[in-house]
Amino acid sequence: MAQMSILEVLKNTLRYTTTTTFLLLDEQRQRLLVLTLREQSSPTMTQAATTRGSVPASPLTNDFLANVLHALGGALEEVAIDTLFGERLGAQLHLRDQRGLHMVNASLKDGLLLAQREQSRISVSEDVLVRRSVTLAHYGKTEAEQFAEIVRRAQQDPTSLRPPVQEVLNLDFSHGLRGWHFLRGASYGSYELDPHTSLMGRKSLAITLHQPFTHGSSGMLHYSGPLAEHYRGQRVRLSADVKVEQMHQPELTLYLSWPTDNISTLTGRHANASCLTHSQIVTHAGENSWARHEMVIHVPQQAQSFSFDVGTKEQGKFWLDGIELGVVDSSVALTGTLLRPPSPQPLNLDFSEGLEYWEKERGSLRHYEIAVDAITPPCATLKSIKEAPIGSCLLQQRLISEDYQGKRVRLTARLKARDVATHGSFFIGSFPGLREGHVEEIITGTTSWVPLTLDWQVPVQSMGMLLFGVTLQGPGQIWLKDVHLQTVGES
Numbered sequence: 012m013a014q015m016s017i018l019e020v021l022k023n024t025l026r027y028t029t030t031t032t033f034l035l036l037d038e039q040r041q042r043l044l045v046l047t048l049r050e051q052s053s054p055t056m057t058q059a060a061t062t063r064g065s066v067p068a069s070p071l072t073n074d075f076l077a078n079v080l081h082a083l084g085g086a087l088e089e090v091a092i093d094t095l096f097g098e099r100l101g102a103q104l105h106l107r108d109q110r111g112l113h114m115v116n117a118s119l120k121d122g123l124l125l126a127q128r129e130q131s132r133i134s135v136s137e138d139v140l141v142r143r144s145v146t147l148a149h150y151g152k153t154e155a156e157q158f159a160e161i162v163r164r165a166q167q168d169p170t171s172l173r174p175p176v177q178e179v180l181n182l183d184f185s186h187g188l189r190g191w192h193f194l195r196g197a198s199y200g201s202y203e204l205d206p207h208t209s210l211m212g213r214k215s216l217a218i219t220l221h222q223p224f225t226h227g228s229s230g231m232l233h234y235s236g237p238l239a240e241h242y243r244g245q246r247v248r249l250s251a252d253v254k255v256e257q258m259h260q261p262e263l264t265l266y267l268s269w270p271t272d273n274i275s276t277l278t279g280r281h282a283n284a285s286c287l288t289h290s291q292i293v294t295h296a297g298e299n300s301w302a303r304h305e306m307v308i309h310v311p312q313q314a315q316s317f318s319f320d321v322g323t324k325e326q327g328k329f330w331l332d333g334i335e336l337g338v339v340d341s342s343v344a345l346t347g348t349l350l351r352p353p354s355p356q357p358l359n360l361d362f363s364e365g366l367e368y369w370e371k372e373r374g375s376l377r378h379y380e381i382a383v384d385a386i387t388p389p390c391a392t393l394k395s396i397k398e399a400p401i402g403s404c405l406l407q408q409r410l411i412s413e414d415y416q417g418k419r420v421r422l423t424a425r426l427k428a429r430d431v432a433t434h435g436s437f438f439i440g441s442f443p444g445l446r447e448g449h450v451e452e453i454i455t456g457t458t459s460w461v462p463l464t465l466d467w468q469v470p471v472q473s474m475g476m477l478l479f480g481v482t483l484q485g486p487g488q489i490w491l492k493d494v495h496l497q498t499v500g501e502s
């Protein structure tokens, strides 16, 4: 374990989030470790604390722990930081009383705050330092310059104080479940490595979902990590093999994220932006019970981290194996990029880039297909692929509405329909599906190419989003081309 000292503790409170950043310096004054703690408080607690002033009405957790320790005649000698809880960092407290030395595991937050309060020694494992510390020499010529730059970065964006990453870690579960997080409680499901059910001849990750998930996001499994330098500016493919039992195939999503110059009103830190793509299932040459998912996306130069999510709301069991991330050339088609936050202007309205920047929703049962017809000029198509399809499908773009609020916009396009038995719709609005939140043109039956025009008065308060696109419910097929969006006047 390497002995560390506290170089600086930075605290920032914005609205209901308090962020405390510890800067730990090693004895040789060469390596620095940044550890960030965040604490959420309710509006009621925040208002009460403001009314009382800066002195809390009751002891904080670390004050309580320290008082109990002193009352028992003990002392905190050292706080050792290591990976104690899966991939998460934890603290081991070295406590001494009349009976000797005792080791007690604690959260990283409690350990750091106690060490600061009691001015005890702090040590960090070499494994943690190798993976998370940075070298001071990279931040200036003199020690004063280095410390000033470190503090500046820690105040603006602590994530910038991370070491460069050479390669993605643990997509093959060679390090157990490091980096993998199951996002639901034990009553909803469990996960474990399975050495018996495997496509690649090694352990797969088995997920058992005990009951349907009827509220909240469908996301139930998450992996994240920093992005290696050599992926930036390249087209990459993340592929994975999934086997299901008594459920449909889940949806896989790849995210690439980076900090922006915008300050979050919730955290006071630089807000993140991201691009993402959802998986497409391709034919697998091996065992038929395994389905191959592929996600292909261009990595922006500013991307710093990636994450990989698996989502479903169903009950059942599935296995995850054969996960690979690699660079591919431009001949490998992108699988549809979405931006978060969305663009303020429409993108790829002529479908020349496939379905890039268009959102697709076709339901977990996959009774619909959304694609681009390779004609000149190209057009998008939505069609049912089952005789009696369940649910509906949607193709839409989502824009930030700031530039359009209070203005009248006009959406035009040409559509064609074949055997639309129930209905389809061409729409624009803030809340498609609510009568007062959008305008639409209903599509039924069979038609040749017809021009459609929709005018929409964008509300001054439209929840920040403008959406437009086409839907299909029931049997049939719809084509879409020549899409244009323009402002036609103020309110």
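Positions in the sequence shown are counted from 1; adding 11 to them yields this note's numbering.
Don't be surprised by glycine CBs; every beta carbon is placed ideally from N, CA and C.
Shortest alpha-carbon distance to V141 belongs to which of G487, Q260, R173? Distances from the alpha-carbon of V141 to those of G487, Q260, R173 put R173 closest.
Cβ-based neighbour list, R421, same chain, cut-off 6 angstroms, excluding 5 preceding and 5 following: Excluding residues up to 5 positions away in sequence, D466, Q497, V499 lie with their Cβ nearer than 6 angstroms to the Cβ of R421 in the same chain.
C-alpha gap between K492 and Y415, whole angstroms: Looking at the two C-alpha atoms, the distance is approximately 23 angstroms.
Spatial neighbours of G244 in its chain, beta-carbon cut-off 7 angstroms, leaving aside the 5 residues before and after: For G244, where only same-chain residues beyond five positions count, the Cβ hits under 7 angstroms are V310, Q312.
On the three-state DSSP scale, how would you describe Y165? The sequence given here has Ala at residue 165, not Tyr. If DSSP states are grouped into helix, strand and coil, A165 belongs with the helices.
How long is the line joining the alpha carbons of A344 and P400, rounded to whole angstroms? So the two alpha carbons sit approximately 28 angstroms from each other.
Among H105, V255, Y242, the one whose alpha carbon lies nearest that of S215: Comparing Cα-Cα distances from S215 to each of H105, V255, Y242, the minimum goes to V255.
What is the DSSP secondary structure of S342, counted as helix, strand or coil? Here S342 sits in coil by DSSP.
DSSP three-state call for Q313: helix, strand or coil? In the structure shown, Q313 sits in coil (DSSP, three-state: anything other than H, G, I, E or B).
Cα separation between V522 and T271? Here the chain comprises residues numbered 12 to 502, so residue 522 is not present and cannot be evaluated.
Give the range of the beta strand (DSSP E) segment to which K120 is assigned. No beta strand (DSSP E) contains K120, which is instead part of the alpha helix (DSSP H) from 119 to 129.
Between the C-alpha atoms of V469 and N273, what's the straight-line distance to the nearest angstrom? Rounded to the nearest angstrom, the two C-alpha atoms are 25 angstroms apart.
Runs of 4 residues minimum, wholly inside the segment 230 to 292: which ones carry the alpha helix (DSSP H) assignment? Listed in chain order, there is nothing to give.
Assuming Y368 contacts Q408 (C-beta within less than 8 angstroms), just tell me the rounded distance between them. Approximately 6 angstroms separates the beta-carbon atoms of Y368 and Q408; this is inside 8 angstroms, confirming the contact.
Cβ-based neighbour list, K397, same chain, cut-off 6 angstroms, excluding 5 preceding and 5 following: So the qualifying residues of the chain are H378.
Opening and closing residue of the beta strand (DSSP E) in which N23 lies: Note, N23: beta strand (DSSP E), 13 to 25.
Taking the alpha-carbon of E452 as reference, which of W460, L125, H434 has the nearest alpha-carbon? In terms of CA proximity to E452, H434 leads the group W460, L125, H434.
Buried versus exposed, by CB contacts within 10 Å (16 or more), L283: For the sequence presented, residue 283 should be read as Asn rather than Leu. With 16 or more neighbouring CB atoms inside 10 Å of its own CB, N283 falls in the buried class.
Determine the extent of the beta strand (DSSP E) in which E38 is found, giving its start and end residues. E38: not part of any beta strand (DSSP E); DSSP gives it neither H nor E.
Boundaries of the alpha helix (DSSP H) in which E137 is found, first to last residue: Run containing E137: 137 to 143, per the alpha helix (DSSP H) assignment.
Buried or exposed, going by whether 16 or more other CB atoms sit within 10 Å of the CB of N78? Label assigned to N78: exposed.
Based on Cα-Cα distance, which residue from F362, L100, L478 lies nearest to A382? Checked all of F362, L100, L478; the closest Cα to A382 is F362.
Which of helix, strand or coil DSSP assigns to A197: In this structure, A197 counts as coil in the three-state DSSP scheme.
Name the two residues that bound the continuous alpha helix (DSSP H) containing L80. Its alpha helix (DSSP H) spans residues 72 to 82.
Helix, strand or coil: how does DSSP classify Q222 here? Note: Q222 maps to coil in three-state DSSP.
Leaving aside the five residues before and after Y150 along the sequence, list all residues of the same chain whose C-beta is less than 7 angstroms from its C-beta, in chain order. Cβ neighbours of Y150 beyond the five flanking positions: Q157, E160, I161.
Excluding the 5 residues flanking Q41 on each side, which residues of the same chain have their C-beta closer than 8 angstroms to its C-beta? Excluding its 5 nearest sequence neighbours in each direction, Q41 has C-beta neighbours in its own chain below 8 angstroms: T146, L147, A148, listed in chain order.
Check this for me: beta carbons of G480 and L406, under 8 angstroms apart or not? Yes, the pair counts as a contact, with Cβ atoms nearer than the cut-off.
Counting C-beta neighbours from all protein chains within 10 Å, is the total for T61 16 or more, i.e. buried, or is it exposed? Reliability fails at T61, whose pLDDT of 48 lies under 50, so the model's placement of it is uncertain and the value that follows must be treated cautiously. It counts as exposed.
What is the rounded straight-line gap between the Cα of P67 and the Cα of R132? Confidence in P67 is poor, its pLDDT being 48 and thus under 50, which makes the residue's placement unreliable; the coordinate value appears in the next sentence. If I take the Cα positions, the gap works out to 27 angstroms.
Whole-angstrom C-beta distance between I308 and A251, which should lie under 8 angstroms: Between A251 and I308 the beta-carbon gap is near 14 angstroms, outside 8 angstroms, which marks them as no contact.
Roughly how far, in whole angstroms, is the beta-carbon of V247 from the beta-carbon of L336, given that I think they are within contact range, below 8 angstroms? Taking 8 angstroms as the upper bound for CB-CB distance, V247 and L336 are in contact here, some 6 angstroms apart.
Can you list, in chain order, the residues of its chain with a C-beta nearer than 7 angstroms to that of H192? Leave out the 5 residues immediately preceding and following it. If we look at H192 and ignore the five residues flanking it on each side, its Cβ neighbours are H233.
Distance check for L220 and E203, CA to CA, integer angstroms please. Spanning the two alpha carbons is a distance of roughly 12 angstroms.
What is the C-beta distance between L410 and P355, in whole angstroms, given that I count them as a contact (C-beta under 8 angstroms)? For L410 against P355, the beta-carbon gap comes to about 6 angstroms, under 8 angstroms, which counts as contact.
With a Cβ-Cβ cutoff of 8 angstroms, do L76 and L43 count as a contact? Result no, Cβ atoms of L76 and L43 do not sit closer than 8 angstroms.
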